[in-house]
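Shown next, in the form of structure tokens:
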């Protein structure tokens with residue numbers, strides 16, 4: 603994009619520029635709202651991409667089976683060579699073990715320690731804290747997607763518990779940030795529903811619980827913020843998709859054309875809200891799986 | 126924020142691979158121009174906000190199918206924006222005009238200056254309304270969104286030369302409407318070399 607060039611007199615160009623600035627420039631608040639919603643959608647799509655990629659058979663599974671080796675391994679090795687190799691393997695194991703802390707998977711022995719560390723590094727500034735908590739909830743969501751794609755029930759259970767803690771923290775948000783938190787939690791529903799449609803029956807209850815916890819948090823936040831999702835905030839423009847109506851949870855600006863899409867796909871028809879289940883129970887381990895890192899599924 | 130075409134292509138590539146931060150950078154670069162274009166077309170700021178947001182959501186959806194092949198990303202994005210606006214105008218129930226747009230004047234402007242500014246803005250709005258739809262769109266894309274002639278041509282699905290012709294006639298009409306002194310030299314330049 604460049605300046606339109608010397609086709610017009612300076613006075614006309616200035617006049618048009620002034621007109622654009624005075625009448626057409628977006629408000630900073632509107633830009634922030636739109637950016638938050640679009641980024642939420644971008645992250646949600648990334649989760650879905652990660653989930654879809656996990657559905658593809660792995661390279662090793664698809665690779666042709668190699669012919670069996672005729673010689674047994676290590677048959678030509680001396681005892682001295684074997685002991686050296688074992689020592690090297692033990693050392694390598696120790697090194698890997700120490701670095702595993704940073705990348706411990708959900709359900710692993712160091713997972714809760716990582717969550718506790720994340721909590722300790724939460725920023726003190728209220729707005730930054732909400733953003734960090736949203737990023738944490740998104741990280742947990744990514745772990746849920748990853749665990750379900752690996753069919754790892756332990757990891758799925760741990761990440762679901764941590765996710766409920768994360769959105770529980772967001773549920774305490776008040777003021778203007780409540781709308782932002784509500785949008786984030788509402789946008790998770792589509793991802794959770796997608797995962798719920800894929801996992802075995804025995805894992806469904808945990809996901810249903812997480813979905814219900816999300817609904818509870820959205821309900822709570824809709825009362826805490828200035829704006830309500832899809833409610834129109836008294837300007838007569840809100841759509842009919844209220845809180846917990848699936849993808850229609852919005853930023854309070856949705857219009858009759860369904861174009862108000864705060865980070866989720868536009869919902870044109872209200873969808874059935876799932877049956878209420880009790881709010882999430884507190885679980886052992888870290889009180890708040892917080893952290894300051896961004897969601898990087 | 127100013128970033129060159131090469132940087133935009135890099136960001137587009139990263140965004141296509143699912144990098145949300147790269148898409149965020151593209152949003153930061155293009156949101157203002159897209160909003161101005163949409164606001165000029167639909168009039169009401171609340172609609173403009175929703176539609177500009179929708180443009181970027183649609184861009185996210187369509188990005189995997191985007192192939193550069195000499196088509197500037199800005200032109201591709203504004204084609205999306207144009208389609209979003211067309212769909213909106215087709216389905217909306219009420220008609221709004223540019224006059225309904227909220228004005229944002231400088232904080233330190235006095236009442237007299239505000240009155241002058243408002244008069245000028247009204248005159249520009251009236252002059253714009255008297256252009257043909259295509260001339261008006263050429264002005265919106267070139268001056269309000271800041272697109273190059275090539276990008277505007279891509280957005281409107283026309284030839285680059287056609288856009289220049291539309292712009293030339295639109296400028297002449299605006300100058301007449303706004304009572305700006307005609308400058309034969311400038312008009313001569315207008316038909317000459319432009320990007």
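Chains as they are written, first to last, in the numbering used here: chain A, 603 to 899; chain B, 126 to 320.
Where a beta carbon is used, it is the ideal one built from N, C-alpha and C, also for glycine.
Just so it is clear, the structure is predicted and the values come from calculations on it, not from any experiment.
Check whether residue 185 of chain B and residue 249 of chain B have beta carbons under 9 Å apart:
No.
Counting contacts by CB-CB distance shorter than 9 Å, is residue 617 of chain A in contact with chain B?
It does; some Cβ of chain B falls within 9 Å.
Check whether the segment 798-807 of chain A and the segment 777-786 of chain A are in contact - that is, three or more C-beta pairs closer than 8 Å.
The segment 798-807 of chain A makes no contact with the segment 777-786 of chain A; the number of CB pairs closer than 8 Å stays below 3.
If the cut-off is 7 Å on Cβ atoms, which residues from the segment 283-302 of chain B count as contacting chain A, listed in chain order?
So the list reads 292, 293, 296, 299 and 300, given in the order they occur along the chain.
Put residue 701 of chain A into one of helix, strand or coil per three-state DSSP.
In this prediction, residue 701 of chain A scores a pLDDT of 49, lower than 50, which makes its location untrustworthy; the coordinate-derived value is nonetheless stated afterwards. If DSSP states are grouped into helix, strand and coil, residue 701 of chain A belongs with the helices.
Taking all protein chains shown into account, do 16 or more other C-beta atoms lie within 10 angstroms of the C-beta of residue 864 of chain A, making it buried, or fewer, making it exposed?
Interpretation of residue 864 of chain A is limited by its pLDDT of 37, a score under 50 that renders its predicted location unreliable; the figure taken from the coordinates is listed afterwards. Buried, since its Cβ has 16 or more Cβ neighbours within 10 Å.
In chain order, what residues of the segment 730-752 of chain A put their CB closer than 9 Å to some CB of chain B?
For the segment 730-752 of chain A, which is checked against every Cβ of chain B, not one residue is closer than 9 Å.
Applying a beta-carbon distance threshold of less than 7 Å, which residues of chain B neighbour residue 643 of chain A?
Chain B residues near residue 643 of chain A: 182 and 185.
Identify the contact partners of residue 161 of chain B in chain A, using a Cβ-Cβ distance below 8 Å as the criterion.
Correct list: 622, 626, 627 and 628.
Does the CB of residue 820 of chain A have a neighbour CB from chain B at under 9 Å?
No, residue 820 of chain A lies away from the interface with chain B (no Cβ there is under 9 Å from its Cβ).
Just checking, does the segment 614-624 of chain A make contact with the segment 127-141 of chain B on the three C-beta pairs under 8 Å criterion?
Contact between the segment 614-624 of chain A and the segment 127-141 of chain B is absent, because fewer than three Cβ pairs lie under 8 Å.
Across the segment 758-769 of chain A and the segment 706-716 of chain A, are there enough close Cβ pairs to call them in contact, namely three or more that are closer than 8 Å?
By the criterion of at least three beta-carbon pairs nearer than 8 Å, the segment 758-769 of chain A is in contact with the segment 706-716 of chain A.
Are there three or more Cβ pairs, one per stretch, closer than 8 Å when the segment 808-826 of chain A is compared with the segment 764-778 of chain A?
Because the criterion of three Cβ pairs below 8 Å is met, the segment 808-826 of chain A and the segment 764-778 of chain A touch.
Name the two residues that bound the continuous alpha helix (DSSP H) containing residue 624 of chain A.
Annotation for residue 624 of chain A: no alpha helix (DSSP H) segment contains it, and DSSP assigns it neither H nor E.
Where residue 778 of chain A sits in the DSSP three-state scheme:
Three-state result, residue 778 of chain A: coil.
For my contact list, residue 263 of chain B and residue 292 of chain B are in at a C-beta cut-off of 8 Å; report their separation, rounded to the angstrom.
That belief holds up - the Cβ atoms of residue 263 of chain B and residue 292 of chain B are roughly 5 Å apart, short of 8 Å.
Answer yes or no: does any C-beta atom of chain A fall closer than 9 Å to that of residue 246 of chain B?
Closer than 9 Å to some Cβ of chain A, the Cβ of residue 246 of chain B qualifies, so yes.
Are any of the Cβ atoms in chain A nearer than 9 Å to that of residue 237 of chain B?
Interface criterion not met: the Cβ of residue 237 of chain B is under 9 Å from no Cβ in chain A.
Could you tell me which of A:715, A:768 and A:750 sits nearest to residue 802 of chain A, measuring between CA atoms?
Residue 802 of chain A has its Cα closest to that of A:750, out of A:715, A:768 and A:750.
Proximity to residue 259 of chain B [Cα-Cα], best of B:273, B:243, B:277 and B:251
Answer by Cα proximity: B:277.
Classify residue 209 of chain B as buried or exposed, calling it buried when 16 or more other Cβ atoms lie within 10 Å of its own Cβ.
Residue 209 of chain B counts as buried, since no fewer than 16 other beta carbons sit within 10 angstroms of its beta carbon.
Touch test, the segment 194-203 of chain B against the segment 275-289 of chain B, Cβ-Cβ under 8 Å, three pairs minimum
Using a Cβ-Cβ distance cut-off of 8 Å, the segment 194-203 of chain B and the segment 275-289 of chain B are in contact, since at least three pairs of beta carbons, one from each stretch, lie closer than that value.
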